[in-house]
Every structure is written in structure tokens, then in C-alpha cells.
Amino acid sequence: MNLPKLFEDRMRKLLGEEYEVFKEGYSKPYYSGLRVNTLKITPEEFEAICPFSINRIPWIANGYYYDSDQQPSKHPFYYAGLYYIQEPSAMTPASLLPVEKGDKVLDICAAPGGKSTELGAKLQGEGILVSNDISNSRAKALLKNIELLGISNALVLSEAPNKLADVFPE
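All residue numbers for the sequence shown refer to numbering that gives the first Met the number 0, where the first residue is 0 and numbers rise by one.
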């Protein structure tokens with residue numbers, strides 16, 4: 000893969016001797032993933048009805064690899080909110096957070112909704128999820144995904160983080 004020279008120079012300076020390993024990553028296979036929305040279906044139920052080939056992501060209880068040629072974003076199950084398309088490594092942060100039913104959660108940089116939708120599922124309809132993105136256009140995409148996945152205890156905002164600090168001092 001040919002990367003822009005300015006980008007390569009910047010990354011070479013930033014990474015030093017680790018740059019070559021970084022660059023090799025661009026030639027490795029890309030892994031496509033989806034995360035089952037546990038508000039609507041269990042991973043086991045999804046496996047039983049899934050019309051395309053999936054394999055569990057070992058470190059994500061409700062995460063699966065799929066072959067990118069299968070295009071799960073075009074399936075009715077996607078539009079029913081049964082799963083969220085997300086790069087496997089991006090699933091990790093929300094899966095590791097100890098969010099429980101009834102908690103109060105603030106996702107301050109939430110769009111397009113990968114973290115927020117998983118955190119909302121962990122709340123199981125109780126407690127509150129405040130999902131914010133400073134960009135109004137990105138907050139609209141966030142709202143679409145929150146609605147699609149059926150998270151009813153969420154508040155979607157488009158506000159500067161310093162203003163949120165005044166409103167949510169905890």
C-alpha cells in the first residue's frame with residue numbers, strides 16, 4: 000500500500016524503530032466484525048439464526064468475525080438492530096468497562112455509537128446513558144444507531160465537554 004509521503008514521514012518520526020512494524024500492518028488482512036445487541040437477542044440465539052458464516056471473537060463475548068464479502072449491513076437483521084457492525088479491536092474498550100444494570104454512564108466522545116450502544120446494552124434498560132459528540136452531524140448518526148439498537152434510557156447530546164463538566168459534576 001502506498002501511503003502519502005507526509006504521513007509516512009510523520010509516522011516514521013513519531014514511531015522511530017517501530018515504524019516498519021507499523022507499516023507492515025497495512026499489508027495484513029483486515030478483520031470484519033459485528034457485535035450482537037444483547038438487548039434484543041443472545042449470542043447463542045443469533046448463532047442459531049444467522050444466515051451467514053460467523054466466528055466468535057475470543058475476547059468479546061458477543062463479538063463475531065465475518066467475511067467482508069457477506070455484507071451483513073444489507074441484511075434485515077441489521078435494520079432490526081440485532082447487531083452493530085464494528086471493527087473487532089474497537090469492541091474491546093466497552094466490553095471491558097464494568098458497567099452494570101442501573102449505572103449512570105457518560106460517553107463524552109460517542110459517535111457513531113459503537114461504545115455507547117454496547118454500554119447501553121449492559122445497562123439493560125435501567126440507569127442512564129448520556130452519549131455526547133461535539134459534532135452535530137456525528138451526533139445525528141449516533142442518535143440513529145442508539146434508536147436502531149433500541150436503547151431507550153439514553154440521552155444524546157452535541158455539546159462541548161467543558162460545558163458537560165458543569166452539568167455532570169460527578
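Glycine residues also receive a C-beta, built at the ideal position from the N, C-alpha and C atoms.
The model shown is predicted, which means the values in this text are computed figures rather than measured ones.
Three-state secondary structure assigned by DSSP to residue i
| i | result |
| --- | --- |
| A120 | helix |
| I56 | coil |
| K103 | strand |
| V98 | coil |
| Y29 | coil |
| L5 | helix |
| S130 | strand |
| A153 | strand |
| G112 | coil |
| I40 | coil |
| G24 | helix |
| G170 | Residue 170 lies beyond the residue range present for the chain, which begins at 0 and ends at 169; the question has no answer from this structure. |
Close-in-space but distant-in-sequence residues of the same chain around residue i (CB under 7 Å, 5 per side omitted)
| i | result |
| --- | --- |
| K103 | G126 and I127 |
| K114 | P92, A93 and D106 |
| V20 | none |
Cut-off 8 Å between Cβ atoms - residues of its own chain near residue i, not counting five sequence neighbours on either side
| i | result |
| --- | --- |
| I56 | G32, G62, Y63, Y64, P87 and M90 |
| E169 | K103 |
| F167 | L105 and V129 |
| A79 | K39 |
| P71 | L33, F51, Y65, Y77, Y82 and I84 |
| Y25 | M0 and L2 |
Whole-number beta carbon distance between residue j and residue i, since they are thought to touch under 8 Å
| i | j | result |
| --- | --- | --- |
| I40 | L81 | 5 Å |
| R11 | Y18 | 5 Å |
| G119 | A153 | 6 Å |
| T116 | L148 | 5 Å |
Same chain, Cβ closer than 6 Å to residue i, five either side skipped, listed in chain order
| i | result |
| --- | --- |
| I59 | M90 and S94 |
| K121 | V98 |
Candidates the options: closest to residue i by CA position
| i | options | result |
| --- | --- | --- |
| S52 | L118, Q69 and L141 | Q69 |
| S136 | L147, G149, L148 and V155 | V155 |
| C49 | P75, K27 and P28 | P75 |
Exercise for review: Determine contact between the region 109-129 and the region 83-100, defined as no fewer than three beta-carbon pairs at a distance below 8 Å.
Suggested key: yes
Check your understanding: Any contact of the region 103-120 with the region 141-161, i.e. 3+ C-beta pairs under 8 Å?
Key -> The region 103-120 vs the region 141-161: in contact.
Review point. Just checking, does the region 56-65 make contact with the region 31-40 on the three C-beta pairs under 8 Å criterion?
Key: Enough Cβ pairs lie closer than 8 Å, so yes.
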